[in-house]
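Position in the sequence shown (first residue = 1) + 6 = this note's numbering.
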Amino acid sequence: MIEYLEDRNLDGNWDHWTYYKYGRAMRSEYDNNFDGNADEFWTFSDDGLDTLQKDRDFNGIPDQLCTFKYRIIQTEEMKPNGSKFAKEREFFQHGVLTEIWRGGDSNGNFSEVVRYDPFFNPISTNLPTTFQLLTPTSK
């Protein structure tokens, strides 16, 4: 395994680590708040499915979980402080956000589902409409 190290903010400490095996990146880690601890973790696979775990509040526990196919985002889940259940889930098509599910509970149910057009205009929801639809809905 080969290790690549980088000091992105030029403070004399490593804050980006990438590990290579057989000439391919296998995993990469970033210290985005420059405290000496990695808080963004990428895992790469040979089949094009990659994962990202990110500690958004810098407490040492990943909160954001993303999946990628051929480096294009597919899904994102927010699990604050490593909780078992997602509070929010986002779905993408061709890298463009298409749906957000909010208000996840311990049974995997979400209280709000909003669908979006390619320009991030909401086009439908499962709740009584609390926003003005800017794009006509399909019938």
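From the three backbone atoms N, C-alpha and C, an ideal C-beta is built for every residue, glycine too.
With respect to the 8 Å criterion, residue 56 and residue 45 are not classified as neighbours on the basis of their beta carbons.
In terms of CA proximity to residue 63, 87 leads the group 87, 102, 42 and 25. Residue 92 places its beta carbon less than 8 Å from that of residue 83. Annotation: residue 113 to residue 95 spans about 14 Å, alpha carbon to alpha carbon. Linking residue 121 to residue 30 through their CA atoms gives a straight-line distance of about 37 Å. Rounded to the nearest whole angstrom, the C-alpha separation of residue 32 and residue 77 is 13 Å. The C-beta distance from residue 40 to residue 21 rounds to 6 Å, short enough to meet the 8 Å contact threshold. Cβ-Cβ separation between residue 90 and residue 71: approximately 12 Å, too far for a contact (criterion under 8 Å). Leaving aside the five residues that flank residue 103 on each side, the residues in its chain whose CB is nearer than 8 Å to its CB run, in chain order, 96, 97, 122 and 126.
Going by DSSP, residue 32 is part of the beta strand (DSSP E) stretching over 30-36.
Taken in chain order, no unbroken stretch of alpha helix (DSSP H) lies wholly in the stretch 63-141 with a span of 4 residues or more. Shortest Cα-Cα distance from residue 128 to any of 116, 115, 17 and 107 involves 107.
In the DSSP assignment, the residues bridged to residue 56 are 74.
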